[in-house]
Every structure is written in C-alpha cells, then in structure tokens.
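Q: Could you have a look at this structure, given as structure tokens, before my questions?
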Amino acid sequence: MRKPLRWTYGKLGRRYPRLALVAQFQLGHIVVLGGVGLLSLYQALSTRQLVAIVVFSQAVVLIENAIGLRVAFRLLAPADPWLRGQRDQRTSVAAWQALAGLPVRFLRNRSRMALALNLVPVALFITLELGLPWYGFLILLAGAGVVLAYGIILRFFIMELIMRPVLERVSGDLPLGVDIGAVRMPLGIKLLATLPVINVITGVIVSGLSHPGQAHLSNLGVDILVTLAVAFTISFELTVLLSRSILEPIHDLGEATERVKAGDYDVRVPVISTDETGELAASFNEMVVGLGERERLHEAFAAFVDPALADRVIEEGAHLAGEDVEVTVLFVDIRGFTAFAERSSASEVVRRLNGFYERIVPILIRRGGHANKFVGDGLLGVFGAPDRRPDHADCAVGAALEIVEIVRRAYGEELRIGIGVSSGPVMAGTIGGGGRLEFTVIGDTVNTASRVEAVTRQTGDELLITEATRCLLERDHGGWEPRPTVQLKGKAERVQLYAPRALLPAAAEVGEVDQARVEADAARTEVGLGGAG
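Following this line, the structure appears as structure tokens:
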C-alpha cells in the first residue's frame, strides 16, 4: 500500500493531503450503503422504501462530509508553509504535528457532531418511513451506532495511512528531540477500541445472513445486545491478551531505548516471542552491541586524539582539509627531565610523564584548546584550530598561567617547567599516508613557541609570550614584564618577549640571553615537533 501512496504523493505534491482526504471521505457513502444493506437483512423493504432510505442517508453523508472536510482542512493548515516549500525547523515541526495529529484531532472534533448529524436523523427517518413503533427507533439507533462506529474507526486508520508518505518526508527535516506525544493515541487504546467494534459488526452481519428472509427488526436489537456482550466479555479478554502480547515488548523496547539514550550500552531487551516483536528485540540487541563497540572505539580514539578533534573526525571524516588559520601555540617542556630519565627506570619515567600530563591536558581542553602533540617531556597545545575562536590568545595565556600554578602546587621544587606562547598563522589539517594520518599545525608560529620556551631556561621565567601574542590579548592577565629581545632562528628581527607579573618573585635583574644555548635547546625540541621553520 505504501508504494502507490508514495507514487501519488510524488505526482500531486503539496495538493496530495487535501485531495487524499477528499477521496477518503467518499468511503463514508460506501459504509452507509452497507448499513442500509444490513438493515435489509432484518427488515423487509419495498423498492420505494429502499430508494428513499438510500437517498436520505447518502444526502446526510454528503452534508457531513462537507462539514468534516472543512474541519480537516483547518486542522491541516499549519502544514501549508512546509508543503509550499518553506522547509525550516519551525515549519517542519508544525507540519509534522499537524499531519501526525490530524486523525486524533479530527476524531475529537467530529465524534459528537457525527452523532448529531448522522445517527439521530437517519434512525428517525427510517422509523417514520417504515411506520415502526417507538422502540423501533431505539433499535435503529443502536444499529446505526454500530455502523457509525465502524465508519469512524475506518476513517481514523485510513487518515493515518494516507498521511504517511508526507510524514516520511517531513520527518527527515525534524530536529532531534521533537515532542511526539502532544496528540498521540496509545496503541493499546486503538486495539481496545477497534477489535470489539469489529466483533460486533461481524456478529450482526453473520446473524443476519444466517436467517435470510426470516429475521425481523427485533432480532437486530437482540443480535446487537448479544454481540456487545460477547465483544466485551469473551472477546474483550482475548483483545486484552493480544494487546499485551504486542505492547509489552514495545514497552520493553521503549525503556531500553531511554537507557541507551542515557549512555547505558549494556542494556538488553528480553526476546520473549518468535514473531516480529521478537525479531525487533533481537535486532535492537545487536544494534546496542554495535553502539557499545563504537562508543568504546570513540573513547579509545579520544584517548589518543583530543576529544573535540575526535568528534569532528567522526562527523566529517578522517581527512580534514588543510587551511590557513590564526592560532596561538603553547609549548610546555619539563626542565632537567633528561637527567631524571637517565637515573630512573622506564616505568617510573612513564608514570611521572603520565601524572604530569593528567594534570595539564584537562586544563588545555577546559580552556578551549587541545593537546596536539606529545614530544617526550614536552607538549604542544593549540588554540584556534581545528575549531576557530577569536579569543585564542587569551585562552592560551590563561591555560599557561593555570598550568604553572598547578605544577607549582603539585610538584614544588621537584619539577620545573618552561612554557613558550606564540601567536600567528599556521596551516592546520591532517597529514600522513599509508593509512596513518595525524592532525597537526605547521608553520613558523609552532617553531617560535618552542624557541621561546628555550629562552625561559636563560631568563629563569616559567612562562614567556611573544609580542604577537600580547597584542592579541583582550585581558590584562595581571600585567607583563618585558624581557630582553632575542634573536630567534628564522626571524630577521629580534623578538620582544614578556613574562607575566603574576608569576614573578621579587624584582630581579635579567641578564643577557645566551643565544647559542637558546638555539641548541630549540633545535633539540624541533626534532620532535617536525615543524616548518
């Protein structure tokens, strides 16, 4: 059934919902005609009486359809902007709610009106036309009520069916987390309301066909009472059991889905049947296993790559195109670590490095940067790539100041660090080959940061920043103390450096910088960085 409806929607486009409703409403004429046929099984009708009843009942349906379509079109109106091509988040939500809620809203709007327009006039007309006693009106009222209930249920489900092709398209434009419960009708209510009515209408028809030419109108009343009693006792019990067999597995799936949304990938749905719900539960469990494996891979990936970068790689793919960006680079190095490594075991060296990085990497992430590369006892932090941010200089300097304070409190004089911070353009992207890729930043700014860190060994400062970084700062960060200019490799002019006053002890004279030693320390670092000079 879906394919013809999808094809029709594809042909009619935005006209489809209203034209489909017009076509669907014509089924009311067939249902009422069937009701007249049911009456003829219990009451002998002359040709004139049959024609009169058919004409009157069809006229009533025609009027009710006209009013019903007007109501349905009004309920459908919120979907019009989306149907006309205005496809944004607001119109998509409005269209989905209008289309998905149409059957329930229409049922609430028209159920009482249908009783007034259809049930009473038709039963009264037939009573008068056939010259029946007063109790005949009550019997006809009950019979017409059964037919009307069948028609309402049929209209409800067909209305749901014909709107599905449009809802399939609209759902693709919906934002995550849209509320689907505003006008919903639970599946259990649908089953409990539908199956008894089907039992009643089936029982009445079978009873009438079982005694052709012998049944009387009074038999119709008895048959309705009997079928109602059966429908709401024996059949109702079976209906409840059927509902539970369908709804309980769905309820289990709903609970499991909520737990998965909360991050619980160990949840499993019990497979309690061999039907489609059992297959769905088994498929759900397989899916959750796959999601759990993916989450573990993501966690492992994030352990080797910055979490923000890992998320971007998952969203955009492994190849992040190279781009020129303005960033601030922070280089941290542990002083005297080579001597410590020479007199310590390998496990002790690794433990010390891991403990050090456990303290400073979260600072980089919290401040909006990421740890781009670990170079032995050094770390390269980047702010402004891959995610652009205009305050990258302030973020990097704030992180550097916090790192110095954290290291002082955690290690005291046992471990000393130097940090160089530089800002400028770099090329940021993934590079590599042979199945091995790495996100990195390349450029003079990277090497400048490592060379500035080397200068800290000469000046005795724990943190130095370049003039380029200081010019980008929007905050004071406690003020800055200028240091003697230095000649850095690759720079035509000497570079002005600054130390933060917040970290300085009592004022002290800073001597000349040993240029040869700076170059030697910087060269040692650049071997690990592999940056462009």
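Position 366 (the sequence shown) corresponds to 606 in the working numbering; numbering is contiguous. Yeah, the Cβ is synthetic: ideal placement off N, Cα and C, and Gly gets one too.
What distance in whole Å lies between the Cβ atoms of Leu620 and Val569, which are believed to be in contact at a cut-off of 8 Å?
A: 7 Å
Q: With a Cβ-Cβ cutoff of 9 Å, do Val437 and Val362 count as a contact?
A: no
Q: Do Ser485 and Ser513 have their C-beta atoms within less than 9 Å of each other?
A: yes
Q: Quick one: what does DSSP say Thr238 is sitting in, helix, strand or coil?
A: Because the chain here runs from 241 to 773, residue 238 falls outside it and cannot be looked at.
Q: Excluding sequence positions up to five away, which residues of its chain have a Cβ less than 7 Å from the Cβ of Ser483?
A: Gly428, Leu431, Leu432
Q: Have a look at the DSSP bridge pairing and note the partners of Gly660.
A: Phe571, Leu704
Q: Using three-state DSSP, classify Tyr837 as helix, strand or coil.
A: Any answer about residue 837 is impossible in this case: the structure gives the chain only from 241 up to 773.
Q: What are the start and end residues of the alpha helix (DSSP H) that includes Asn687?
A: That run of the alpha helix (DSSP H) goes 684 to 699.
Q: In this structure, does DSSP put Gln736 in helix, strand or coil?
A: strand
Q: Under 9 Å, do Ala689 and Gly652 count as touching if we go by C-beta distance?
A: no
Q: If you reduce the DSSP assignment to three classes, tell me which class Lys430 lands in.
A: helix
Q: Does the contact criterion of 3 or more C-beta pairs under 8 Å hold for the segment 375 to 384 versus the segment 324 to 332?
A: no
Q: Going by DSSP, which residues form a beta bridge with Gly621?
A: Leu570, Ala611
Q: If you draw a straight line from the alpha carbon of Lys613 to that of Thr680, how long is it in whole angstroms?
A: C-alpha of Lys613 to C-alpha of Thr680: approximately 8 Å in a straight line.
Q: Which first and last residues belong to the alpha helix (DSSP H) in which Val726 is found?
A: Where Val726 is concerned, there is no enclosing alpha helix (DSSP H), although the beta strand (DSSP E) it sits in stretches over 720 to 726.
Q: Using the DSSP secondary-structure output, state which residues sit across from Glu563 in a beta bridge.
A: Answer by DSSP bridge pairing, in chain order: Ala668.
Q: Can you tell me the Cβ-Cβ gap for Val300 and Leu357, rounded? I've got them flagged as a contact below 8 Å.
A: 7 Å
Q: Would you list the residues sitting across from Val681 in a DSSP beta bridge?
A: Residue pairing from DSSP places Val681 in a beta bridge opposite Ala668.
Q: Rounded to whole angstroms, what's the CA-CA distance from Asp627 to Tyr390? Just pull it up for me.
A: 60 Å
Q: Report the rounded CA-to-CA distance for Glu721 versus Thr706, giving the unit in angstroms.
A: Each residue's Cα considered, the two are about 12 Å apart.
Q: Express the C-alpha separation of Arg404 and Ile646 in angstroms, rounding to a whole number.
A: Counting only the Cα atoms, Arg404 lies some 59 Å from Ile646.
Q: Where does Asp515 sit, in a helix, a strand or coil, going by DSSP?
A: coil
Q: Are the beta-carbon atoms of Leu655 and Ile574 separated by less than 9 Å?
A: yes
Q: Let me know if Phe397 comes out buried or exposed under the rule of 16 or more other beta-carbons within 10 Å of its beta-carbon.
A: exposed
Q: What is the rounded straight-line gap between the Cα of Leu728 and the Cα of Asp716?
A: 26 Å
Q: Taking buried to mean at least 16 other C-beta atoms within 10 Å of its own C-beta, is Ser587 buried or exposed?
A: exposed
Q: Whose C-alpha, out of Val470, Gln266, Phe472, Asn525, is nearest the C-alpha of Thr497?
A: Asn525
Q: Under 8 Å Cβ to Cβ from Leu713, same chain only, skipping five residues before and after it: list those, please.
A: Ala633, Asp634, Val637
Q: Taking the C-alpha atoms as reference points, what is the distance between Gly700 and Arg723?
A: 11 Å
Q: Give the straight-line distance between the Cα atoms of Leu593 and Arg607, rounded to the nearest whole angstrom.
A: If I take the Cα positions, the gap works out to 21 Å.
Q: What's the C-alpha gap between Leu743 and Ala668?
A: 32 Å
Q: So, Leu339 versus Leu416, is the Cβ gap smaller than 9 Å?
A: Between Leu339 and Leu416, the CB-CB gap reaches or exceeds 9 Å.
Q: Got a sec? Which residues, its chain only, sit under 7 Å from Val509 by beta carbon, not counting five neighbours each side?
A: Asp492, Leu493, Ala496, Ala521, Phe524, Asn525
Q: Find the nearest neighbour of Tyr282 within the set Phe596, Asp463, Glu582, Asp320, judged by alpha-carbon distance.
A: Asp463
Q: Got a sec? Which residues, its chain only, sit under 8 Å from Val276 by beta carbon, not counting five neighbours each side?
A: Leu290, Ile293, Val294, Ser297
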